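First up is the structure itself, then whatever we jot down about it.
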Amino acid sequence: MTIHHDWDNTDATQLRALTSPKMAWFIGEATAPGVNPMPRSKRAFDIVLALLLLMPLSLVMLAVAGALLILQGRPIFYAAHRMRGPNQPFTQWKFRTMLFEQDDFGATGAHKHWRITPMGRFLRRSRIDELPQLFNILFGDMSFVGPRPPLREYVERFPAVYGQVLHSRPGVTGLATLIYHRHEDRILARCKSAAATEAAYYRRCLPAKLKIDLIYQRHRSMRLDLWILWSTLKIVISRRDERPRRRRGAQTYLPVGPSPRARKTPTTR
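For the sequence shown, position 239 matches number 346 in the working numbering, and the numbering has no gaps at all.
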């Protein structure tokens, strides 16, 4: 399977097309025979790995919590209201990396960069801020690999698409995160206001991420999950971004085979 997307030419018409008959190749898979939203093997893997990681990382989390309390004060954690299903809200936990603001909402663009604390930059760069999500995994709200947890407003605006995407439990990392995160950061870094950030996210980032999430849903396997985890771990440890890159005239190949639920895999453009 190949993933090739002309990110820079994505526009609002493509966003609207996600819920139109032109995207009917994913409509109806929610009721297709044999579709299992969360295979037991994937859930068992999540529980075992989360428990194994919590043993050594609990000390790291205690140290980080203490440092945040001293350097930044309360609250230590950032509680994000997200969706794990069309009608299933949950609270996603992270270490707080920004100055507290009561009415904070939406994607993080350049207009919010001033709020990121020095320690917050380190926590974000090292992904340590996401360690509390190990508890989200144990509670069953998240998985290690899957689509990033969406806001309620996105799920309500595009229910047909998220009805498919959220067959996979939201993940700490995922295919869209691995492929598109760097490009999304570049786009949002140019947005100087909340309105510009929301417009750019809806117009350019969300359509691309949803398409990649749908591809992951159709090709989900333990082999693909392990590859995503390993690729994410290499980026975090080496601090070198080795995500698949889009280059003119080139294609990015991922270690997946034909979709088990489709005779022919559609090509993304």
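The C-beta atom is built at its ideal place from N, Cα and C for all residues, glycine as well.
Being a predicted model, the structure only gives us computed values, none of them experimental.
Span separating the alpha-carbon of residue i from that of residue j
{"i": "S165", "j": "S233", "result": "16 Å"}
{"i": "I286", "j": "L336", "result": "13 Å"}
{"i": "F229", "j": "M205", "result": "12 Å"}
{"i": "Q240", "j": "S345", "result": "22 Å"}
{"i": "M190", "j": "V272", "result": "11 Å"}
{"i": "S338", "j": "G180", "result": "34 Å"}
{"i": "Y269", "j": "P163", "result": "35 Å"}
{"i": "E291", "j": "T304", "result": "11 Å"}
{"i": "Y309", "j": "K316", "result": "10 Å"}
{"i": "R289", "j": "L313", "result": "14 Å"}
{"i": "R231", "j": "R203", "result": "10 Å"}
{"i": "K149", "j": "G281", "result": "14 Å"}
{"i": "S366", "j": "L159", "result": "Residue placement at S366 cannot be trusted, given a pLDDT of 43 that sits under 50; the coordinates are not used to answer."}
{"i": "F242", "j": "V262", "result": "23 Å"}
{"i": "N194", "j": "P225", "result": "37 Å"}
{"i": "L169", "j": "V279", "result": "20 Å"}
{"i": "A172", "j": "E208", "result": "19 Å"}
{"i": "Q199", "j": "D248", "result": "8 Å"}
{"i": "I319", "j": "L331", "result": "13 Å"}
{"i": "F184", "j": "L175", "result": "9 Å"}
{"i": "F152", "j": "E237", "result": "19 Å"}
{"i": "K201", "j": "I235", "result": "9 Å"}
{"i": "S311", "j": "M329", "result": "The question names Ser, but residue 311 is Arg in the sequence shown. Distance between the alpha carbons of R311 and M329 is about 30 Å."}
With 16 other Cβ atoms within 10 Å as the buried cut-off, status of residue i
{"i": "K299", "result": "exposed"}
{"i": "A139", "result": "Per-residue confidence for A139 stands at a pLDDT of 43, beneath the threshold of 50, marking its modelled position as unreliable; no derived number is given."}
{"i": "H188", "result": "exposed"}
{"i": "R147", "result": "exposed"}
{"i": "V167", "result": "exposed"}
{"i": "R354", "result": "Note on R354: pLDDT 49, under 50, position unreliable in the model; the coordinate value appears next. The residue is exposed, with fewer than 16 neighbouring Cβ atoms inside 10 Å."}
{"i": "V142", "result": "Model confidence at V142 stands at a pLDDT of 44, short of 50, so the residue's coordinates are unreliable; what they give is reported in the following sentence. Exposed, by the Cβ-count rule."}
{"i": "D115", "result": "Model confidence at D115 stands at a pLDDT of 40, short of 50, so the residue's coordinates are unreliable; what they give is reported in the following sentence. Exposed, by the Cβ-count rule."}
{"i": "V155", "result": "exposed"}
{"i": "I177", "result": "exposed"}
{"i": "P266", "result": "exposed"}
{"i": "L321", "result": "buried"}
Where residue i falls: helix, strand or coil (DSSP)
{"i": "P146", "result": "coil"}
{"i": "K316", "result": "helix"}
{"i": "R191", "result": "strand"}
{"i": "T204", "result": "coil"}
{"i": "Q179", "result": "coil"}
{"i": "L230", "result": "helix"}
{"i": "T224", "result": "coil"}
{"i": "P196", "result": "strand"}
{"i": "R353", "result": "Caution is warranted here: a pLDDT of 49 is assigned to R353, below 50, making its placement in the model unreliable, and no coordinate value can be reported."}
{"i": "L238", "result": "coil"}
{"i": "V343", "result": "helix"}
Anticipated Cβ contact below 8 Å, residue i with residue j, distance rounded
{"i": "A54", "j": "P254", "result": "No statement about residue 54 is possible, as the shown extent of the chain runs from 108 to 376 and does not include it."}
{"i": "A302", "j": "I294", "result": "Not quite, the Cβ-Cβ distance comes to about 15 Å (not below 8 Å), so this is no contact."}
{"i": "A157", "j": "L245", "result": "5 Å"}
{"i": "R327", "j": "S275", "result": "6 Å"}
{"i": "R259", "j": "P196", "result": "7 Å"}
Checklist line | Runs of alpha helix (DSSP H) wholly within the region 242-285 (minimum 4 residues, chain order) | finding: The alpha helix (DSSP H) runs of length 4 or more contained entirely in the region 242-285 are, from start to end of the chain, 259-264, 266-272.
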